[in-house]
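Engineer: Shown below is the structure under consideration.
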Amino acid sequence: MVDRRDRPWPVKDQGSRGTCVAFAGTASHEALRPADGELSEEFLYWGSKQRDGLPADVDGTTLEAMGAALSDIGQSTADQWPYDDQTDDRAAEYGPTPEALMDAEPRRLDDSGSIDPEPEQLIAAIDRGILPVIGLVLFRTWHETTSDGRIGLPDPGAAPLGGHAVALVGYRSVGAATEFIVRNSWGQDWGDDGYGYLPTEYVEHYGVSAWRLELRGSTTDG
-7 MVDRRDRPWP VKDQGSRGTC VAFAGTASHE ALRPADGELS EEFLYWGSKQ
43 RDGLPADVDG TTLEAMGAAL SDIGQSTADQ WPYDDQTDDR AAEYGPTPEA
93 LMDAEPRRLD DSGSIDPEPE QLIAAIDRGI LPVIGLVLFR TWHETTSDGR
143 IGLPDPGAAP LGGHAVALVG YRSVGAATEF IVRNSWGQDW GDDGYGYLPT
193 EYVEHYGVSA WRLELRGSTT DG
């Protein structure tokens, strides 16, 4: 078992906006820089949207764009640009202040990249101290998760609801099976205080992509 929930770190809520990639990436980045406190999901979402090449009317962004934003411009602290779930991120004036851009620059990542969304690769990354960000196909079972945090496999033929991204903060054994510990962005009332437990079988079938965020030389064994 590996569990990186080893400090006060309340789960946040993205609200109705399609900002899950920014929330998952922020969680992974915050874990690398605990002394910096809370980082700005709004800043990371803006930076990702500047780079994702998606049509302007498409909500959400990509893991690749998130990684590029962190490499290119870094990430400001949350107090420089607080998240607001009512923000219109398509407005012409949407963007960071010069002060936020300056604050973000020292937090550019020098090492990040894609990894295979296979359980073995993800577990190996967690063992190295990385909190992978994974993109998944979302099913209704996520919305049916109770306070035990267990995320069920979808029924055969179940219709997907779309895509979702979360940060993996550990894994645990349950009998002969292994479950990932996921940090979601649906507030602390979802699951186990905002965390869930995802079977590796779910990842095998419905994992789409994964990304590692890393400071060169920062990872540890165990």
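Start counting the sequence shown at -7; every next residue gets the next number (our numbering). Ideal placement from N, C-alpha and C gives every residue a C-beta, glycine not left out.
Need the endpoints of the beta strand (DSSP E) that Gly127 sits in, please.
Structural biologist: Taking the first residue of the sequence shown as position 1, residue 127 is located at position 135. First-last of the beta strand (DSSP E) with Gly127: Val125 to Leu130.
Engineer: In the DSSP output, which residue or residues are listed as bridge partners for Leu93?
Structural biologist: As a first step, residue 93 is located in the sequence shown; it is residue number 101 there, counting from the start. In DSSP, Leu93 forms no bridge with anything.
Engineer: Which one of Glu91, Ala60, Gly66 and Ile65 has the shortest CA to CA distance from Gln72?
Structural biologist: By one-based count along the sequence shown, residue 72 stands at place 80. Selected option, being the one with the closest Cα: Glu91.
Engineer: Since His135 is in the beta strand (DSSP E), which residue starts that stretch and which ends it?
Structural biologist: As a working note, residue 135 is residue 143 in the sequence shown. Here His135 belongs to no beta strand (DSSP E), and DSSP marks it neither H nor E.
Engineer: Relative to the alpha-carbon of Trp178, which residue among Arg82, Arg9 and Ile126 has its alpha-carbon at the smallest distance?
Structural biologist: Numbered from 1 along the sequence shown, position 186 holds the residue referred to as residue 178. When only C-alpha atoms are compared, the closest one is Arg9.
Engineer: Which whole-angstrom value describes the C-beta separation of Ser190 and Glu171, a residue pair presumed to lie in contact below a C-beta threshold of 8 Å?
Structural biologist: Here residue 190 refers to the residue found at position 198 when the sequence shown is read from its first residue. Here residue 171 refers to the residue found at position 179 when the sequence shown is read from its first residue. Just to set this straight, residue 190 is Leu in the shown sequence, not Ser. With 8 Å as the limit, Leu190 and Glu171 qualify as a contact, their Cβ atoms being about 6 Å apart.
Engineer: My understanding is that Ser40 touches Ser104, with C-beta atoms under 8 Å, so please give their C-beta distance in whole angstroms.
Structural biologist: If you number the sequence shown from 1, residue 40 lands on position 48. If you number the sequence shown from 1, residue 104 lands on position 112. No, Ser40 and Ser104 are not in contact; Cβ-Cβ is about 13 Å, not under 8 Å.
Engineer: Please state the DSSP three-state secondary structure of Tyr189.
Structural biologist: Translated into the one-based positions of the sequence shown, residue 189 becomes position 197. If DSSP states are grouped into helix, strand and coil, Tyr189 belongs with the strands.
Engineer: Pair every Cβ in the stretch 19 to 31 with every Cβ in the stretch 180 to 200, then say whether three or more of these pairs are closer than 8 Å.
Structural biologist: Touching, no, given that fewer than three Cβ pairs across the two stretches are closer than 8 Å.
Engineer: Alpha carbon to alpha carbon, what distance is there between Pro148 and Thr53?
Structural biologist: Counting from 1 along the sequence shown, the entry for residue 53 is found at position 61. Counting from 1 along the sequence shown, the entry for residue 148 is found at position 156. So the two alpha carbons sit approximately 28 Å from each other.
Engineer: What is the residue span of the alpha helix (DSSP H) that Ala159 lies within?
Structural biologist: Along the sequence shown, one-based indexing puts residue 159 at 167. Unbroken run through Ala159 is the beta strand (DSSP E), Gly154 to Val166; no alpha helix (DSSP H).
Engineer: With distances taken Cα to Cα, identify the nearest neighbour of Asp(-5) among Arg43, Tyr163, Val125 and Pro111.
Structural biologist: Locating residue -5 in the sequence shown gives position 3, counting from the first residue. Nearest C-alpha to Asp(-5): Tyr163.
Engineer: Locate the beta strand (DSSP E) running through Asp103, then write down its first and last residues.
Structural biologist: As a working mapping, residue 103 is identified with position 111 in the sequence shown. From DSSP, the beta strand (DSSP E) with Asp103 extends over Asp103 to Ile107.
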